[in-house]
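Accompanying notes for the structure given below.
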Amino acid sequence: MTTIAIDGPAAAGKGTLSRQIAEAYGFHHLDTGLTYRATAKALLDRGLPLDDEAVAADVARNLDLSGLDRGVLSAHEIGEAASRIAVMPSVRRALVEAQRAFAARQPGTVLDGRDIGTVVCPDATVKLYVTASADVRARRRYDEIIAAGGRAEYDAIYEDVRRRDERDMGRADSPLRPADNAHLLDTSKMSIEAAFSAAKAIIDAAL
Ligand code: C5P
Numbered sequence: 001m002t003t004i005a006i007d008g009p010a011a012a013g014k015g016t017l018s019r020q021i022a023e024a025y026g027f028h029h030l031d032t033g034l035t036y037r038a039t040a041k042a043l044l045d046r047g048l049p050l051d052d053e054a055v056a057a058d059v060a061r062n063l064d065l066s067g068l069d070r071g072v073l074s075a076h077e078i079g080e081a082a083s084r085i086a087v088m089p090s091v092r093r094a095l096v097e098a099q100r101a102f103a104a105r106q107p108g109t110v111l112d113g114r115d116i117g118t119v120v121c122p123d124a125t126v127k128l129y130v131t132a133s134a135d136v137r138a139r140r141r142y143d144e145i146i147a148a149g150g151r152a153e154y155d156a157i158y159e160d161v162r163r164r165d166e167r168d169m170g171r172a173d174s175p176l177r178p179a180d181n182a183h184l185l186d187t188s189k190m191s192i193e194a195a196f197s198a199a200k201a202i203i204d205a206a207l
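FYI, the numbering for the sequence shown is 1 to 207, going by full-length UniProt numbering.
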């Protein structure tokens with residue numbers, strides 16, 4: 001069984017890279033951020049509180065992993081709410097259990113998130129830590145929104161990226177950090193194609 005673990009901060013390009021890698025190797029892909037987002041959305045939709053750990057964990061345990069859709073879950077409010085419930089240990093336990101079951105699928109899987117190489121799949125075949133400077137990540141997110149015809153303010157996006165980093169790296173349970181044996185990939189000065197080639201070379205050398 002082959003598992004590829006891809007971690008990194010918000011807007012580092014993990015999502016695109018993970019999808020491309022899964023396609024290239026014929027593996028199943030799980031964007032674990034969507035499991036936190038879907039849990040948060042279910043709470044918001046039902047008018048349930050975001051600060052009650054038992055309630056949030058109950059929703060997380062009953063989450064259906066099939067049919068998670070980033071389009072439906074991309075709203076800024078959902079991302080904020082997701083990063084708030086992601087600090088709760090019993091929410092993480094419930095979602096990690098579902099993520100590990102996914103990781104066992106044949107012929108192989110790609111999981112991307114914040115704690116895949118450190119907590120979810122510590123024995124992953126290959127671990128990548130994909131990062132880029134906060135400025136580059138905020139700029140990419142800004143360009144994406146503008147290209148999609150939306151309105152955005154760079155400074156607000158930059159602040160958002162910084163706040164999300166602080167929360168993800170500073171939390172007590174499963175903080176974002178590279179696993180000891182992760183390959184670091186800084187995409188600040190790389191195109192999507194260059195990042196994919198670099199990742200593929202690392203994976204091919206390990207398989
Ligand atoms: O990656 P994405 O921005 O969709 O993730 C939303 C939030 O879910 C992140 O800010 C992070 O707090 C949380 N998350 C996590 N562990 C993961 C994936 C996401 O804590 N493996």
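We put the CB at the ideal spot given by N, CA and C, even for glycine.
For S133, the CB stays at least 7 Å from every heavy atom of ligand 1.
In this structure, DSSP gives K14 a helical state, which the three-state scheme calls helix.
Look at V130 here: in three-state DSSP terms it is strand. If you draw a straight line from the Cα of Q99 to the Cα of V161, it is about 25 Å long. One Cα belongs to P122, the other to I116, and the distance between them is close to 7 Å.
Taking a contact as a CB-CB distance under 8 Å, the pair T16 and I157 does not count as one, their CB atoms being some 18 Å apart. In the three-state reduction of the DSSP assignment, V110 falls in the strand class, which pools E and B.
Here S197 is exposed, its C-beta having fewer than 16 other C-beta atoms within 10 Å. When secondary structure is reduced to three states using DSSP, L207 falls in the coil class, being assigned neither helix nor strand. Scanning L176, M88, A40 and I203 for the CA closest to the CA of L73 turns up A40.
Nearest in C-alpha terms to T35, of all of A5, R19, E159 and L95, is L95. Going by DSSP, I4 is part of no alpha helix (DSSP H) but of the beta strand (DSSP E) stretching over T2 to D7. Sorting D168, N181 and M190 by C-alpha distance to the C-alpha of P9 places D168 at the top.
For the options A57, V110, G67 and D69, the alpha carbon positioned closest to that of V87 is the one of A57.
Only residues of its own chain outside the window of five on either side were considered, and among them A56, A57, A60 and I85 have a CB closer than 6 Å to the CB of V91, listed in chain order. Here the distance from the Cβ of G8 to the nearest heavy atom of ligand 1 is not below 7 Å. With a 10 Å radius around the Cβ and a threshold of 16 neighbouring Cβ atoms, D135 comes out exposed. Taking 7 Å as the cut-off, the C-beta of D115 counts as close to a heavy atom of ligand 1.
Taking a cut-off of 8 Å on C-beta distances, the segment 11-27 touches the segment 106-120, as three or more cross pairs fall below it.
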